[in-house]
Amino acid sequence: MLWTKNLETGIPTIDDQHKELFRQIDALLAVSGSDKERQVAEALEFLDKYIVRHFGDEQKMHTQSRYPKAAEHKGYHDNYVVTFRQLKEKYNREGPTVGNNMAVNKSVVSWLKEHILVHDKDFADFYRKRA
Ligand SMILES: [Fe+2]
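Quick note: the sequence shown, position 131, residue 392 per the numbering used here, numbers continuous.
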């Protein structure tokens with residue numbers, strides 16, 4: 262999963278955490294599609310905790326800076342946690358099926374990129390311009 266310059270928000274804390282998320286997703290993708298089910302389960306569990314922590318940190322910044330779309334943005338985060346956990350549980354139940362591996366790519370990778378490009382960048386614009 263390639264980190265590209267256009268994903269940068271310009272807010273160091275957020276960018277560092279996003280890069281770490283990308284690294285962890287890479288680690289997950291590296292073990293998925295193989296028979297290393299135990300490692301996949303651990304990677305999913307680790308990612309779950311990291312996502313929750315990262316969203317919490319972002320939301321703290323939203324509240325502190327009185328970002329007008331804070332509630333809307335939290336909604337995206339909350340929905341994603343639900344989707345991610347469904348995926349995690351399915352994975353833990355069924356293992357690395359083709360469908361589950363595709364779901365990791367689609368839900369985890371595409372969602373994150375899209376979310377950063379649209380919503381985190383919207384916040385970054387607001388954050389930079391605030392008085
Ligand atoms: Fe976000």
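No residue lacks a Cβ here, since even glycine has one placed at the ideal position from N, Cα and C. The structure presented is a predicted model; accordingly, all values stated were derived computationally and were not measured.
Contact under 8 Å by Cβ, residue i with residue j
i	j	result
D381	T270	yes
L305	I286	no
Y388	I272	yes
V313	V343	no
L348	A364	yes
S326	R284	no
Y311	F384	no
K374	L282	no
Secondary structure of residue i, DSSP reduced to three states
i	result
M262	coil
P273	helix
R299	helix
Y341	helix
G336	helix
R389	helix
K280	helix
Y328	coil
Integer Cβ distance of residue i from residue j, believed to fall under 8 Å
i	j	result
I377	H315	Wrong, their Cβ atoms sit about 11 Å apart, outside the cutoff.
Going along the chain, which residues put their C-beta within less than 5 Å of some heavy atom in ligand 1? Those residues are E319 and D381, given in chain order.
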